[in-house]
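J.: One structure follows; several queries about it will come next.
Number of protein chains: 2
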Amino acid sequence: MNIGEKIVLTEAAPEDRSAAIREALRDAIIDRRLAPGTKLSEAEVGSLFDVSRTVARAALQILAFEGLVTIERNRGAFVSNPSPEEARQIFASRRLIEPGIIAAAVERITAEDIEQFRRLLDEEARYMNERGPAARRAEIKASGEFHLMLARLSGNTILERFMDELVARSSLVIAIYGRSGISSCGHGEHAAIVEALEKRDAARTSQLMLHHIDHIEADLDLRLQEGMALRNALGF
Amino acid sequence: MNIGEKIVLTEAAPEDRSAAIREALRDAIIDRRLAPGTKLSEAEVGSLFDVSRTVARAALQILAFEGLVTIERNRGAFVSNPSPEEARQIFASRRLIEPGIIAAAVERITAEDIEQFRRLLDEEARYMNERGPAARRAEIKASGEFHLMLARLSGNTILERFMDELVARSSLVIAIYGRSGISSCGHGEHAAIVEALEKRDAARTSQLMLHHIDHIEADLDLRLQEGMALRNALGF
DNA sequence: CAGAAGAAGATTGCATACAATTTTTGCAAT
DNA sequence: ATTGCAAAAATTGTATGCAATCTTCTTCTG
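Keeping their order, the protein sequence lines are chains U and S. The first sequence runs 1 to 236 under my numbering. The second sequence runs 237 to 472 under my numbering.
Dropping the structure here:
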């Protein structure tokens, strides 16, 4: 598979180009322009961003540390193919961390933040009503952005980074095991969460969030794919 | 400051030497052989482990991503000097994550695990009764190992890695802001946690853990050092 | 003698070179 | 056609070289 035209440089970053590459790759993985299993060769990534392999490699190594990419020695880097077990761990982690983020966010949220959430919800809705893969990708991205915005509100940069990783890996999991593409009820749930946030009702917001995560996970077909994995393990 | 004799190679790792270096540096940071602010030059780290700068650099970049090391452009890598605000975020994250780890661990813990915890407690006690910096370091390390062992029991490798990072960064924070070196009541608290674990009483274990984290944080002097940080910011 | 200016040295950021390993290709044998 | 094998091509892992930047030391000026 060719990763070519699927990546675009967002900004001309003179310094820390490795981080820029990382972000671009992460974005591409999140909105599924890069499918799980796609090979990310150092040379290709490098030439795509017009840097040497050294810089490309650094970006891939960080992504591997995050779990978004899997590096096999002497074979190279691939977009990760999370196992059902990994999927469960990812959602278990989210169920643990997101309520904590909500508790912190509720204390700090401003009217302007709510306003920004509303704009994001509008965006989600707009893309939902559009057809085509580009709109689908934008919808996925906006949906992840919702959770990341919440994480930023927590004021805890460590949790923010953990959520960065978890949201990206969730996207991979959904790409592999998702049944219905996108759970269309997700948007409504996001809206309900914003309403509860506005009332600064942490308990209710957390409850809604947990249900939301449950719904996302319920839309996955982890058991079926476990069988597939076994078949694969036996050589196809 | 020379980092020379403070690092020892644990194992001859033929593959992934970068990870081995990372682990060695992390260990050295955790038990405070490497003080916050210590410069980690690529050449020095490289020659210490007998690899080229390339490999040393990769290790440092991952550590920087974790927050254990701070890289300043064109200046190099230093053992991080967490701010009081960072310290608060680290402990806030632990207060959120460790109870979740406990909830998972309680479901899976075996008699053998308890046995292993007891051995670790014995070790802690032994080092507590010894004098000298080596015993102190061993005690610190064992104390951190307690939390990591618990994380491993959770069966969630993602949370495990988050805890790896949080424990290491906590160690840095304690090195900077700690008042009494080690809170000697820590050992007793660990013992109480193991007892509650043995009864599979998640609620009580979590409560004990939260108190334990509170005590660790209460032993810090974050306010005083904030003044220091300001002074530093003003050119000293 | 304090302080500024500048040259020398050291260190990082990045690209490239080369060896080790894996993957692909080509071809012969069954 | 398919399997087996060997050579060629491609890719990674690592070391090293060079330019850019930072640090330190010397020297000069007031």
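All C-beta atoms, glycine included, are put in the ideal place defined by N, C-alpha and C. Treat the numbers as computed from the prediction; the structure is a model and nothing was measured.
When DSSP builds the beta bridges, which residues end up paired with residue 76 of chain U?
T.: Your numbering for residue 76 of chain U matches position 76 in the first sequence. The partner list for residue 76 of chain U (beta bridge, DSSP) reads U:72.
J.: List the residues that DSSP assigns as beta-bridge partners of residue 39 of chain U.
T.: Here residue 39 of chain U is taken as the residue at index 39 of the first sequence, counted from 1. Bridge partners of residue 39 of chain U: U:78.
J.: Using a Cβ-Cβ distance under 9 Å, would residue 164 of chain U count as near chain S?
T.: Taking the first residue of the first sequence as position 1, residue 164 of chain U is located at position 164. Closer than 9 Å: no.
J.: Could you spell out where the alpha helix (DSSP H) holding residue 240 of chain U opens and where it closes?
T.: Residue 240 of chain U is absent from the model: chain U starts at 1 and stops at 236.
J.: Taking only three categories from DSSP, how would you classify residue 172 of chain U?
T.: Within the first sequence, residue 172 of chain U is the residue found at index 172, counting from 1. Here residue 172 of chain U sits in helix by DSSP.
J.: Taking 9 Å as the threshold (beta carbon to beta carbon), is residue 229 of chain U in contact with chain S?
T.: What you label residue 229 of chain U is simply residue 229 of the first sequence in a count that begins at 1. Its pLDDT being 48, under 50, residue 229 of chain U is placed unreliably in this model, and the value from its coordinates should be taken loosely. It does not: the Cβ of residue 229 of chain U has no partner Cβ on chain S nearer than 9 Å.
J.: Just to confirm my understanding: we take residue 208 of chain U, look at its own chain, exclude 5 residues before and 5 after, and list those with CB closer than 6 Å. What are they?
T.: Within the first sequence, residue 208 of chain U is the residue found at index 208, counting from 1. So the qualifying residues of the chain are 192, 193 and 196.
J.: Counting only Cβ pairs nearer than 9 Å, list the residues of chain U close to residue 294 of chain S.
T.: Mapped onto the second sequence, residue 294 of chain S falls at position 58. Under the 9 Å cutoff, chain U gives 57, 58 and 61.
J.: Can you give me, in chain order, the residues of the region 308-323 of chain S that have a beta carbon less than 7 Å from any beta carbon in chain U?
T.: 309
J.: Determine the closest residue to residue 340 of chain S out of S:442, S:454, S:450 and S:449, with distance taken between C-alpha atoms.
T.: By one-based count along the second sequence, residue 340 of chain S stands at place 104. Residue 340 of chain S has its Cα closest to that of S:442, out of S:442, S:454, S:450 and S:449.
J.: How many whole angstroms separate the CB atoms of residue 63 of chain U and residue 26 of chain U, which I take to be in contact at a CB cut-off of 8 Å?
T.: Reading the first sequence from its first residue, position 63 is the one you call residue 63 of chain U. Reading the first sequence from its first residue, position 26 is the one you call residue 26 of chain U. Rounded, the Cβ-Cβ distance is 7 Å, consistent with contact.
J.: Which same chain residues, not among the five before or five after residue 113 of chain U, have their C-beta less than 7 Å away from its C-beta?
T.: Counted from its first residue, the first sequence places residue 113 of chain U at position 113. These residues qualify, in order along the chain: 153.
J.: Span of the alpha helix (DSSP H) holding residue 380 of chain S?
T.: Residue 380 of chain S sits at position 144 when you count from the first residue of the second sequence. Taken as a continuous stretch (DSSP letters only), the alpha helix (DSSP H) holding residue 380 of chain S covers 369-389.
J.: If the cut-off is 7 Å on Cβ atoms, which residues from the region 386-411 of chain S count as contacting chain U, listed in chain order?
T.: 392, 393, 394, 395 and 398
J.: Could you pull out every residue in the same chain whose Cβ sits closer than 7 Å to the Cβ of residue 258 of chain S, ignoring the five residues on either side in sequence?
T.: The sequence position of residue 258 of chain S within the second sequence is 22, counting from 1. Hits under 7 Å: 295, 298 and 299.
J.: What's the gap between the Cα of residue 116 of chain U and the Cα of residue 109 of chain U?
T.: Your numbering for residue 116 of chain U matches position 116 in the first sequence. Your numbering for residue 109 of chain U matches position 109 in the first sequence. Roughly 11 Å separates the two Cα atoms.
J.: If the criterion is Cβ atoms closer than 9 Å, does the pair residue 102 of chain U and residue 170 of chain U meet it?
T.: The residue labelled residue 102 of chain U in the question sits at position 102 within the first sequence. The residue labelled residue 170 of chain U in the question sits at position 170 within the first sequence. Taking 9 Å as the Cβ cut-off, residue 102 of chain U and residue 170 of chain U do not qualify as a contacting pair.
J.: Name the one or two DSSP bridge partners that residue 456 of chain S has.
T.: As a position in the second sequence, residue 456 of chain S is number 220, starting the count at 1. According to DSSP, residue 456 of chain S bridges with S:414.
J.: Should residue 304 of chain S and residue 287 of chain S be called a contact, given that it needs their Cβ atoms to be closer than 9 Å?
T.: Within the second sequence, numbered from 1, the residue matching residue 304 of chain S stands at position 68. Within the second sequence, numbered from 1, the residue matching residue 287 of chain S stands at position 51. Not in contact: residue 304 of chain S and residue 287 of chain S (Cβ atoms no closer than 9 Å).
J.: Applying a beta-carbon distance threshold of less than 8 Å, which residues of chain U neighbour residue 332 of chain S?
T.: Here residue 332 of chain S is taken as the residue at index 96 of the second sequence, counted from 1. What residue 332 of chain S touches in chain U: 96, 97, 100 and 159.
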